[in-house]
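**Q** The letter at position 252 of the sequence shown is residue 252 when you use UniProt numbering, and the numbering goes up by one with no holes.
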Amino acid sequence: MSTVEARATAEAREPGVRSKSNSPRQIPVVGVVTEDEDAQSALKPMDLNRVIKLLEETDKADLEEKQLKAVKILVQNYQNGFPLRDLVQIFKILNLCAGKIGHQPHFIESAYSILKLCGLPFLKKKVSDEITYAEDTANSIALLGDLMKVPSSELRIQICKCIVDFYHAEPPKKHIPGYQQASSSYKIQMAEVGGLAKTMVQSLTLLDNQLVEKLWVLKALQHLSTSEVNCTLMMQAQAASSICAHLNDPDPSGQLLFRSSEILWNLLEKSPKEEIIRQLSNLECLLALKEIFKHLFMRGFSHYDRQLRNDILVITTIIAQNPEAPMIECGFTRDLILFATFNEVKSQNPLVKGLKLSNSYEDFELKKLLFNIIVILCKDLPTVQLLIDGKVVLALFTYVKKPEKHKIIEWSAAQYEELQLHAIATLSSVAPLLIEEYMLCQGNARILAFLEWCESEDSFFSHGNSFHGTGGRGNKFAHMRYTLRLLRAMVYLQDETVNNDLCEKRTIQQLIGIFKNTISKSNDKEEAIVLEIQSDILLILSGLCEHNIPRKVCMPVNQSFT
Numbered sequence: 001m002s003t004v005e006a007r008a009t010a011e012a013r014e015p016g017v018r019s020k021s022n023s024p025r026q027i028p029v030v031g032v033v034t035e036d037e038d039a040q041s042a043l044k045p046m047d048l049n050r051v052i053k054l055l056e057e058t059d060k061a062d063l064e065e066k067q068l069k070a071v072k073i074l075v076q077n078y079q080n081g082f083p084l085r086d087l088v089q090i091f092k093i094l095n096l097c098a099g100k101i102g103h104q105p106h107f108i109e110s111a112y113s114i115l116k117l118c119g120l121p122f123l124k125k126k127v128s129d130e131i132t133y134a135e136d137t138a139n140s141i142a143l144l145g146d147l148m149k150v151p152s153s154e155l156r157i158q159i160c161k162c163i164v165d166f167y168h169a170e171p172p173k174k175h176i177p178g179y180q181q182a183s184s185s186y187k188i189q190m191a192e193v194g195g196l197a198k199t200m201v202q203s204l205t206l207l208d209n210q211l212v213e214k215l216w217v218l219k220a221l222q223h224l225s226t227s228e229v230n231c232t233l234m235m236q237a238q239a240a241s242s243i244c245a246h247l248n249d250p251d252p253s254g255q256l257l258f259r260s261s262e263i264l265w266n267l268l269e270k271s272p273k274e275e276i277i278r279q280l281s282n283l284e285c286l287l288a289l290k291e292i293f294k295h296l297f298m299r300g301f302s303h304y305d306r307q308l309r310n311d312i313l314v315i316t317t318i319i320a321q322n323p324e325a326p327m328i329e330c331g332f333t334r335d336l337i338l339f340a341t342f343n344e345v346k347s348q349n350p351l352v353k354g355l356k357l358s359n360s361y362e363d364f365e366l367k368k369l370l371f372n373i374i375v376i377l378c379k380d381l382p383t384v385q386l387l388i389d390g391k392v393v394l395a396l397f398t399y400v401k402k403p404e405k406h407k408i409i410e411w412s413a414a415q416y417e418e419l420q421l422h423a424i425a426t427l428s429s430v431a432p433l434l435i436e437e438y439m440l441c442q443g444n445a446r447i448l449a450f451l452e453w454c455e456s457e458d459s460f461f462s463h464g465n466s467f468h469g470t471g472g473r474g475n476k477f478a479h480m481r482y483t484l485r486l487l488r489a490m491v492y493l494q495d496e497t498v499n500n501d502l503c504e505k506r507t508i509q510q511l512i513g514i515f516k517n518t519i520s521k522s523n524d525k526e527e528a529i530v531l532e533i534q535s536d537i538l539l540i541l542s543g544l545c546e547h548n549i550p551r552k553v554c555m556p557v558n559q560s561f562t
């Protein structure tokens, strides 16, 4: 069976346009519904209890033929949809047919035909029917999930198609005298009440080696997961872990990964995030995410593949916030550090051999996401050694310099500026954990040289894009702000090696000069960011001089900073 689904769509007939006539009289054309047409559309009275009784019998001769004929008549009678008042009996008949499939395969067609009609809008005789039959409808729809246990591929796929049709309701093809269509959202609401989403998740355990059926179930769950109620039900059935663990299962169509990632996104957004993270924080799920990410990183070349790769990384970032997640144990942390730094630090690792990032939007976003996950990963102290092995500090310091044409990737000026600010912000979290690596990279000298550039007059024009560039358009204040934050983080470690080196490089005098210049150059539009810069300078000076009298001598005593 092909994995490509085919849905027939009814074409709406456009209303006719009346043509102009030279005659002064316009003769109206009246559409007339004849009694024959009306009779064809009408629901004929049918003794459903008799059909149920017939299906429950087991001893009579030629019984199967009679049973199949009775169901066929039922299907023909309800070809335009089932009334709400008949649903309990209809679904009992459906259940009886499904129960016979194991020994009487001819009943597959009967059950299939009834399920196909379940995809049509339900019918109500009174406006109040939706309330009157709400419980019966919810219980009937819930039965669809239970029917997934029937070992019939055809039946399972039709159940999923029926659920998908809940979300794509079409108007009835014919008017049914005495009935009107139930509201388009009625089935969706009743599916929530009946807990259908939970049983559909549970049905996945029956489909380990049935790819086509699994893809249809995932499609149904993708639709169901658009509501908070269903996401909570799916969460109770451990949907996140059961779906994520199979992300890497073979699927030539690519639908499994696409639909699964969409469901995971919906679960994270529409149900308690902490519980979903807990469900995903196991070795099996993280190994699946790692392998998918590596594959997309190394071999994903299309726009779609790159988007999906970034989505997987965002999901991973959310999981990484849980300190209990075995990110290191599964090897994901080491791979992420490698992918984050291979452009800046040469590596012989075969995973990145020959790999290059482009300046496409997706690769640009990937780079920022990798910086972001490093900040999260470094909060777990066992990660420190991996950061050292990956030369993360050295890689990030390649951005702490005057912007110039990049040697590896031709980022645009705006892209490079945003990455530069993001890298410096990342250093503020990483460098304090790796003091020895910071000093080996001559971190103090790099920072002070960059601050000197921030003060210089040149033709550089800051774009001020993104969160990190706020307040820095047309100036270098954003660069100065994040560089001072980095310096403040290092000074507040109160590490004598770091602070002595700073003072030997005349940092105090340089900072005082910057402070004075910000006062003379600022304007009202830049007031907020300038105040932040001045506050950080004062905090850094305080950290350097508070417990060291000789350093205080360098501070101006008889003159104001201004």
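All residues carry an ideal CB built from backbone N, CA and C; glycine is no exception. Just so you know, these numbers come straight off a predicted model, no measurement behind them.
Looking at C-alpha atoms only, which residue of Q210, D249, L355, T199 is the closest neighbour of Q236?
**A** Sequence index remark: in the sequence shown, residue 236 carries index 236 (1-based). If we check each option's Cα against that of Q236, T199 comes out closest.
**Q** Taking buried to mean at least 16 other C-beta atoms within 10 Å of its own C-beta, is E437 buried or exposed?
**A** The count along the sequence shown starts at 1 and reaches residue 437 at position 437. E437 should be labelled buried.
**Q** Look at T226 and M190 and say whether their C-beta atoms are less than 8 Å apart.
**A** Locating residue 226 in the sequence shown gives position 226, counting from the first residue. Locating residue 190 in the sequence shown gives position 190, counting from the first residue. When the beta-carbon positions are compared, T226 and M190 stay at least 8 Å from each other.
**Q** Taking the straight line between their C-alpha atoms, what separation do you get for R551 and D495?
**A** Here residue 551 refers to the residue found at position 551 when the sequence shown is read from its first residue. Here residue 495 refers to the residue found at position 495 when the sequence shown is read from its first residue. C-alpha separation (whole angstroms): 15 Å.
**Q** From W265 to L308, what does the alpha carbon distance come to, in whole angstroms?
**A** Locating residue 265 in the sequence shown gives position 265, where the first residue counts as 1. Locating residue 308 in the sequence shown gives position 308, where the first residue counts as 1. Near 12 Å, if we compare the C-alpha coordinates of L308 and W265.
**Q** Would you kindly work out how many angstroms separate the C-alpha atoms of L268 and L541, rounded to a whole number?
**A** Taking the sequence shown and counting its residues from 1, one reaches residue 268 at position 268. Taking the sequence shown and counting its residues from 1, one reaches residue 541 at position 541. Distance between the alpha carbons of L268 and L541: 44 Å.
**Q** With distances taken Cα to Cα, identify the nearest neighbour of Y167 among L120, V384, I388.
**A** By 1-based counting over the sequence shown, the position of residue 167 is 167. When each option's Cα is compared against that of Y167, the closest is L120.
**Q** Determine the DSSP secondary structure at E35, reduced to helix, strand or coil.
**A** Here residue 35 is taken as the residue at index 35 of the sequence shown, counted from 1. Low local confidence applies: a pLDDT of 47 at E35 is under 50, so the model's placement there is unreliable, with the coordinate-based value given in what follows. E35: helix per DSSP, three-state reduction.
**Q** What is the rounded straight-line gap between the Cα of V51 and the Cα of K69?
**A** Locating residue 51 in the sequence shown gives position 51, counting from the first residue. Locating residue 69 in the sequence shown gives position 69, counting from the first residue. Approximately 10 Å between the Cα atoms of the pair.
**Q** Spatial neighbours of H479 within its chain, please: CB distance less than 6 Å, with the 5 preceding and 5 following residues excluded, ordered by chain position.
**A** For this step, residue 479 is matched to residue 479 along the sequence shown. So the qualifying residues of the chain are C454.
**Q** Could you check whether F450 and I533 sit closer than 8 Å to each other, using their CB atoms as the reference points?
**A** Residue 533 sits at position 533 when you count from the first residue of the sequence shown. Residue 450 sits at position 450 when you count from the first residue of the sequence shown. Against a cut-off of 8 Å, the Cβ pair of F450 and I533 comes out as no contact.
**Q** So which of Q279, F515, W216 has the shortest CA-CA distance to S253?
**A** Residue mapping note: residue 253 aligns to position 253 of the sequence shown, counting from 1. Among Q279, F515, W216, the Cα nearest to that of S253 belongs to W216.
**Q** Grouping DSSP H, G and I as helix and E and B as strand, with all else coil, what is Q321?
**A** Indexing the sequence shown from 1 puts residue 321 at position 321. Three-state DSSP puts Q321 in coil, outside helix and strand.
**Q** Taking S242 as the reference, give the member of L204, Q210, R488 with the closest Cα.
**A** Here the question's residue 242 lines up with position 242 in the sequence shown. The option with the nearest alpha carbon to S242 is L204.
**Q** Exposed or buried, which one is T497 when buried takes at least 16 other CB atoms within 10 Å?
**A** Here residue 497 corresponds to residue number 497 of the sequence shown, with the count starting at 1. Classification of T497: exposed, given that the 10 Å Cβ count is below 16.
**Q** Can you check whether the CB of L370 is closer than 8 Å to the CB of L336?
**A** The residue labelled residue 336 in the question sits at position 336 within the sequence shown. The residue labelled residue 370 in the question sits at position 370 within the sequence shown. Yes, these two residues count as a Cβ contact at 8 Å.
**Q** Which residue spans inside the region 364–389 form an unbroken alpha helix (DSSP H) run of at least 4?
**A** 384–389
**Q** So, using beta-carbon positions, are N359 and Q415 closer together than 8 Å?
**A** The residue you call residue 359 lines up with position 359 of the sequence shown. The residue you call residue 415 lines up with position 415 of the sequence shown. Cβ atoms of N359 and Q415: closer than 8 Å.
**Q** With DSSP run on the structure shown, which of helix, strand or coil describes N44?
**A** The residue given as residue 44 occupies position 44 in the sequence shown. Just to set this straight, residue 44 is Lys in the shown sequence, not Asn. Looking at K44 - three-state DSSP - the assignment turns out to be coil, as it is neither helix nor strand.
**Q** Since Q180 sits in a beta bridge, which residues does DSSP pair it with?
**A** Along the sequence shown, read from residue 1 onward, the residue named residue 180 stands at position 180. Bridge partners of Q180: K124.
**Q** Hey, Q180 and K124 are a contact pair by Cβ (cut 8 Å); roughly how many whole angstroms apart?
**A** Here residue 180 is taken as the residue at index 180 of the sequence shown, counted from 1. Here residue 124 is taken as the residue at index 124 of the sequence shown, counted from 1. The Cβ separation is near 6 Å, so the contact holds.
**Q** Who are the Cβ neighbours of N77 in its own chain at under 6 Å, not counting the five residues just before and after it?
**A** On the sequence shown, position 77 is the one that residue 77 refers to. Here the set comprises K44, M46.
**Q** Which residue or residues does DSSP assign as beta-bridge partners of residue 567?
**A** Coverage of the chain is limited to positions 1 through 562, which leaves residue 567 absent and any answer about it impossible.
**Q** Whole angstroms is fine: what's the gap from C244's alpha carbon to T316's?
**A** Position 244 of the sequence shown, counted from the start, is the residue given in the question as residue 244. Position 316 of the sequence shown, counted from the start, is the residue given in the question as residue 316. Taking the straight line joining both Cα atoms gives about 11 Å.
**Q** Excluding the 5 residues preceding and the 5 following N543 in the sequence, name in chain order all residues of the same chain whose CB lies nearer than 6 Å to its CB.
**A** Along the sequence shown, one-based indexing puts residue 543 at 543. For clarity, residue 543 is Gly in the given sequence; the question names Asn instead. These residues qualify, in order along the chain: V491, Y492.
**Q** Thinking C-alpha only, which one of P272, C160, A425 is nearest V229?
**A** The sequence position of residue 229 within the sequence shown is 229, counting from 1. For the residues P272, C160, A425, the minimum Cα distance to V229 belongs to P272.
**Q** DSSP state of residue 564, grouped into three classes?
**A** The structure shown does not extend to residue 564, since the chain is modelled only from 1 through 562, so no value can be given for it.
**Q** Identify every run of the alpha helix (DSSP H) within the region 331–367, keeping only runs that are complete inside it and at least 4 residues long; order them along the chain.
**A** 332–341
**Q** Counting only runs of 4+ residues fully inside the region 504–545, write out the alpha helix (DSSP H) ranges in chain order.
**A** 507–521, 527–545
**Q** Apart from the five residues just before and just after I27, which ones in its own chain have a Cβ nearer than 6 Å to its Cβ?
**A** Indexing the sequence shown from 1 puts residue 27 at position 27. Reliability of the predicted coordinates at I27 is poor, the pLDDT of 40 falling under 50, and no value is obtained from them.
**Q** Nearest-angstrom Cα distance between V150 and L218?
**A** In the sequence shown, residue 150 corresponds to position 150, counting from 1. In the sequence shown, residue 218 corresponds to position 218, counting from 1. Answer to the nearest angstrom: the Cα atoms are 18 Å apart.
**Q** Quick one: does A340 have its CB under 8 Å from some CB of chain C?
**A** Looking at the structure shown, chain C is missing, and only one protein chain is on hand.
**Q** Rank Q510, N139, Q158 by C-alpha distance to the C-alpha of K116 and give the top, closest one.
**A** Position 116 of the sequence shown holds residue 116. Per the Cα distances, Q158.
**Q** Which value, in whole angstroms, describes the spacing of the CA atoms of E37 and A142?
**A** Taking the first residue of the sequence shown as 1, we reach residue 37 at position 37. Taking the first residue of the sequence shown as 1, we reach residue 142 at position 142. With a pLDDT of only 49 at E37, under the threshold of 50, the placement of this residue in the model should not be trusted, and no figure is reported.
**Q** Taking the alpha carbon of K92 as the point to measure from, which residue in I512, L54, K126 has its own alpha carbon closest?
**A** In the sequence shown, counting from the first residue as 1, residue 92 sits at position 92. It is L54 whose Cα lies nearest to the Cα of K92.
**Q** Let me make sure I understand the geometry here. Which of L247, E262, I277, P323 has the alpha-carbon closest to that of K294?
**A** Position 294 of the sequence shown, counted from the start, is the residue given in the question as residue 294. Closest option to K294, Cα to Cα, is L247.
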